[in-house]
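Each remark here refers to the structure printed beneath this line.
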DNA sequence: CTGTTAGCGCTTTCAA
DNA sequence: TTGAAAGCGCTAACAG
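Protein chains in written order, with the working numbering: chain A, -9 to 342; chain B, -9 to 342.
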């Protein structure tokens, strides 16, 4: 396997000149450069980035550490990260933590050993241990999707509070008072903030504490189903459910059907995070949706600024608004309500 | 940032001993090892894998080059690859080619420069250029999901021919004779094989060439919609559509609705590749589904064998069976037909 | 614009 | 069971 020395010999120059020609750095005459490139081509030379990175202390690799890439929300994040990174010549390593802090720590250690230039993290729990480690190693890190309390760190996320508040308001406006919140794990900021946003809407409407029902589980279909079953049996007067993410919503839908109830006639259902338009035959769920791709672009852009050493001195906190999409599952006559951006009108086949 | 030299000094040993302690290789006394590990811990030592890889010629990194990670089929592949790789201490770099051969070549070059230990490739077109390059660099490569004609290379894929044949048979059994195939790009083996499988079913049923309609486009919702519109206007007697993947199917569904037609009453619709169960509120589409996760596991397992130098001498060709899932969109009374594994019976809400 | 020298941090090889 | 020497392939720093 040829090295720059082989190329240098063939082109009749010094190795460093080969380096300059290939990376197009520093001063080099066009003719020389061309000669080197030809020699490299003839030899089938493939630059060794390990060596290059070892010496230059830059790998042009980012790490993306997230909960589970098969959740479409994170899939879109991944796509946004890769697009933005590759535009600037960076590659992306990705890791699934499955919301386990141990896995997260393991992966953070691994990517630090690999000397990635920067890390994008969707933290699992409190998650500050991972941040500590990256800080010690002077590796820039941007948190996506979640907030880490008490730690000053760049973060880009959706407005969980606002989205949950709007969903709560929507249900309250429709006349619901017995509403169950099926939430993700307490301690994860998206869950906590959605709880708070929902509570805020209930407070405003003067719903007494005795009428409130909040359940805590995981962000999975299975957990959504279990929480819904519990909520239904626990509160006979239940008329609406707010699911804290798309998986929980689908699990809840399943549970409601199992109980022989109808959505929205018997129980209204609204959720957080939409499914990509291209994936759904019949858009049915009313949701507050976050701009996942844009979130990833912004986060990666910021991270690359940190890597380059440009970018603001202060830790940035970027919060993107959610968008309310009203469909059938919330029920009611919404046209009379304040104008809401309703997407996908055509569900005739689903109803007929 | 401390190196093995710093650790060695602190532990009172030679650098190589630190290396042995950390990697747990070669002979080393437990006491020595413990002493080294303590010293490393105290210094906050983080091994530099760039240096290690440069010297040892192993990176413990695989590359996954695929079309588009936001397609749930590939998302599942990605998850399977990462799970299998990380079990054996490997990390994964991933790249989206968007079915462009240029992008593919660019990424292959990049990952070769990064000296990944192995590559998993979903080839874009003919795709043999990429394979040539990896072969020159002695980097093991396993092709997933697709076949590369005329090249001897490991490959793991679903039975596109068989799946399309079964879907065709299903429609023919239901009495359909004017069936349009909405396919992906010619030259991509999954498209070609699905074409062939469908044709084989038509041949068997004696459907004359004049009654056959096959359109070629891309594996996207947009293209599916366009092809469906064209098929509908071109063939007034059309009664059924076979979509060559999930996106095409959803685009076709959209087009059919736009034309004021109903599925399955006016046009029956079947497709290739299911959407993950957890993502769909109302399972509606009849499909032939491939075991994506298992495919990824098998492919990664084989690749890791190649990396380790174990594994069979011959190029392997692993073809996993598809599974027919009959739902509403194909119409007809299928209960009378031979028993087919029907998943998701509960779609009451979608119909009511 | 081109070249020389040294060394990034680790592991291979060989020796003790 | 441990260590010394050398070098993986490249580029930073400096010199010309």
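Where a beta carbon is used, it is the ideal one built from N, C-alpha and C, also for glycine.
So residue i contacts chain B; which residues on that side make the cut at Cβ distance below 8 Å?
i             : result
residue 44/A  : 38, 40, 41, 44
residue 271/A : 240, 243, 270, 272, 274, 275
Using the Cβ count rule (16 or more neighbours within 10 Å means buried), how would you classify residue i?
i             : result
residue 226/A : exposed
residue 104/B : buried
residue 11/B  : buried
residue 144/B : buried
residue 254/A : buried
residue 346/B : Any question about residue 346/B goes unanswered here, given that chain B covers just -9 to 342.
residue 385/B : Here chain B has residues from -9 to 342 only, and residue 385/B is not among them.
residue -9/B  : exposed
residue 344/A : Residue 344/A cannot be examined here, being either before or after the span of chain A that is shown, -9 to 342.
residue 47/A  : exposed
residue 302/B : exposed
residue 34/A  : exposed
residue 283/B : buried
residue 83/B  : buried
residue 69/A  : buried
residue 21/B  : exposed
residue 139/A : exposed
residue 198/A : exposed
residue 126/B : exposed
residue 320/B : buried
residue 39/A  : buried
residue 329/B : Residue placement at residue 329/B cannot be trusted, given a pLDDT of 35 that sits under 50; the coordinates are not used to answer.
residue 29/B  : buried
Can you name the residues of chain A whose CB is closer than 8 Å to the CB of residue i?
i             : result
residue 346/B : In this structure chain B extends from -9 to 342, so residue 346/B is not present and cannot be described.
Quick one, are the C-beta atoms of residue i and residue j less than 8 Å apart?
i             : j             : result
residue 71/A  : residue 290/A : yes
residue 270/B : residue 108/B : no
residue 175/B : residue 208/B : yes
residue 288/B : residue 309/B : no
residue 272/B : residue 237/A : no
residue 52/A  : residue 75/A  : yes
residue 111/B : residue 120/B : yes
residue 218/B : residue 246/B : yes
residue 322/B : residue 164/B : yes
residue 205/B : residue 173/B : yes
residue 232/B : residue 158/B : yes
residue 57/B  : residue 25/B  : no
residue 166/B : residue 234/B : no
residue 85/A  : residue 132/A : no
residue 228/A : residue 305/A : no
Taking C-beta pairs closer than 7 Å, name the residues in chain A that residue i reaches, listed in chain order.
i             : result
residue 278/B : The contacting residues do not exist; residue 278/B stays about 17 Å from chain A at best.
Whose Cβ in chain B lies nearer than 9 Å to the Cβ of residue i?
i             : result
residue 82/A  : 83, 84, 85
residue 157/A : Within 9 Å Cβ-Cβ: nothing; residue 157/A doesn't reach chain B, min ~17 Å.
residue 72/A  : 59, 84, 85, 86
Are there any heavy atoms of the ligand HEM lying less than 7 Å away from the beta-carbon of residue i, as far as the coordinates show?
i             : result
residue 157/B : Within the structure as shown, the ligand HEM is missing, as the structure has no ligands at all.
Who are the neighbours of residue i on chain B, taking C-beta pairs under 7 Å?
i             : result
residue 237/A : 268
residue 167/A : In chain order: nothing, as chain B lies at least about 24 Å away.
residue 69/A  : 59, 60, 86
residue 34/A  : 126
Exercise for review: Identify each residue in the stretch 94 to 105 of chain B for which the Cβ-Cβ distance to at least one residue of chain A is less than 8 Å, and report them in chain order.
Suggested key: Under the 8 Å Cβ criterion, the stretch 94 to 105 of chain B contributes 99, 100, 101, 102, 103, 104, 105.
Check your understanding: Quick one, which residues of the stretch 45 to 65 of chain A are near chain B if we go by CB-CB under 8 Å, in chain order?
Key -> 49, 51, 58, 59, 60, 62, 65
Exercise for review: Kindly confirm or deny that the stretch 310 to 321 of chain A and the stretch 146 to 154 of chain A touch, where touching means at least three C-beta pairs closer than 8 Å.
Suggested key: yes
Check your understanding: Name the residues in the stretch 105 to 136 of chain A whose C-beta lies less than 7 Å from a C-beta of chain B; which are they?
Key -> 105, 126, 127
Check your understanding: What residues in the stretch 192 to 221 of chain B bring their beta carbon closer than 7 Å to a beta carbon of chain A?
Key -> 211
Check your understanding: Mind listing which residues of the stretch 275 to 301 of chain B have their C-beta closer than 8 Å to chain A's C-betas, in chain order?
Key -> If the cut-off is 8 Å between Cβ atoms, the stretch 275 to 301 of chain B has 275 near chain A.
Check your understanding: Taking Cβ-Cβ distances below 8 Å as the criterion, which residues of the stretch 253 to 266 of chain B are in contact with chain A?
Key -> 253, 265, 266
Point to revise | Against chain B: residues of the stretch 221 to 235 of chain A by CB proximity under 8 Å | key: none
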